[in-house]
Amino acid sequence: RARRKFTGDRDIWLAEISWYLIRRDAEQATEALQRSLRVLNRRDHVTAVRHLGLQLYKTRKNLARAREVFEGLMESAPKRSDLWFVWIDQELALPDVEAARRLFERMATLKWKTRLPQQPFPQW
């Protein structure tokens, strides 16, 4: 009901995606994301996709899908350091250290501006 009334509201769509993932229905969450991308402003697309990836990481049930979501984000916005940091933080929370190291190595190979914060590199 709220989605019909506030169609363009990003928070309503993010809540719906979270609700599907709490119910362990990743397929419905992905469909809700696709519907939201048709309605939301272009500047909200990255936020919605990042939210889906974060929620998939939090459920710990579909890590492969979560990694696919972040891979897609990195293809569309490879220089967004904030997205890299979010993805690395999620990987560091998992027991598989090698996946996080591979991300650090990928991030280190990109050419960054000098103002990039050196926040994640001590964790490497």
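Residues -19 to 104 (the numbering used here) are what the sequence shown spells out, left to right. By construction, the Cβ of each residue, glycine as well, lies at the ideal position given by its N, Cα and C atoms. As the structure is a prediction and not an experimental result, all values here were calculated from the model.
Do you know whose CA, among the options, lies nearest residue i's CA?
i	options	result
L17	S61, L(-6) and M54	L(-6)
L20	L90, S(-2) and D(-9)	D(-9)
I68	A57, S56 and R81	R81
R86	P75, D76, E55 and L74	E55
D(-11)	D5, R15 and T10	R15
Enumerate in chain order the residues of its own chain whose CB-to-CB distance from residue i is below 7 Å, with the five nearest sequence positions on each side excluded.
i	result
R30	L53, L63 and V66
V25	With the sequence shown as reference, residue 25 is identified as His, and Val is not the correct amino acid for it. Here the set comprises L17.
Y0	Q8, A9 and A12
T27	R(-10)
Where does residue i sit, in a helix, a strand or coil, going by DSSP?
i	result
K91	coil
L74	coil
K38	helix
R23	helix
R86	helix
R4	coil
R(-10)	helix
R60	coil
CB-CB under 6 Å to residue i, same chain, minus the five flanking residues each way: which ones, in chain order?
i	result
E79	Residue 79 is actually Ala in this sequence, not Glu. Counting only Cβ-Cβ distances below 6 Å, and skipping sequence neighbours, we find E71.
L36	N42, R45 and A46
Take residue i and list the residues in its own chain whose beta-carbon comes closer than 8 Å to its own, dropping the five residues that flank it on each side.
i	result
W92	K59 and S61
T89	none
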